[in-house]
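Numbering (this note's numbering), first residue to last: 39 to 156.
We put the CB at the ideal spot given by N, CA and C, even for glycine.
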């Protein structure tokens with residue numbers, strides 16, 4: 039199928055559990071869930087819905103990423119740069135190898151595309 043649809047992604051109630059990541063000190067674990075979509079012939083592109091609970095953790099994605107926030111709010115601080123805040127309706131564009139710290143104040147849900155920008 040050439041077109042895949044995710045109907046009303048902000049309203050989907052049940053996403054697949056993706057486990058958790060250890061939060062930064064004093065924040066506890068951050069619970070992850072999502073819905074991944076595969077583009078036939080482009081399996082190296084990771085795309086879908088990602089959701090995480092409140093907390094703080096380090097970004098570990100090495101590829102470039104485009105994301106559009108469907109819900110929640112918080113911030114991302116790229117290493118050595120100013121903090122960027124987000125809320126539902128905002129979008130971020132990450133260069134490959136961008137490292138930094140997420141602070142999720144309210145359950146965050148986003149649409150994302152992760153790809154090799156080389």
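- Can you name, in chain order, every residue of its own chain whose Cβ lies under 7 Å from the Cβ of residue 29, other than the five neighbours on each side? Outside the displayed span of the chain (39 to 156) sits residue 29, for which this structure offers no information.
- Does DSSP put residue 147 in a helix, a strand or coil? As a first step, residue 147 is located in the chain shown; it is residue number 109 there, counting from the start. DSSP places residue 147 in strand when its eight states are reduced to three.
- Task: Measure the C-alpha to C-alpha separation of residue 61 and residue 110 and round it to an integer number of angstroms.
- Result: Translated into positions along the chain shown, residue 61 becomes position 23. Translated into positions along the chain shown, residue 110 becomes position 72. The alpha-carbon atoms of residue 61 and residue 110 are separated by roughly 18 Å.
- Task: Taking residue 145 and residue 58 to be in contact with their CB atoms under 8 Å, please state how far apart those CB atoms are, rounded to whole angstroms.
- Result: Position 107 of the chain shown holds residue 145. Position 20 of the chain shown holds residue 58. The Cβ separation is near 14 Å, so there is no contact.
- Message: Rounded to the nearest angstrom, what separates residue 70 and residue 126 at their Cα positions?
- Response: Position 32 of the chain shown, counted from the first residue, corresponds to residue 70. Position 88 of the chain shown, counted from the first residue, corresponds to residue 126. Their Cα atoms are separated by approximately 18 Å.
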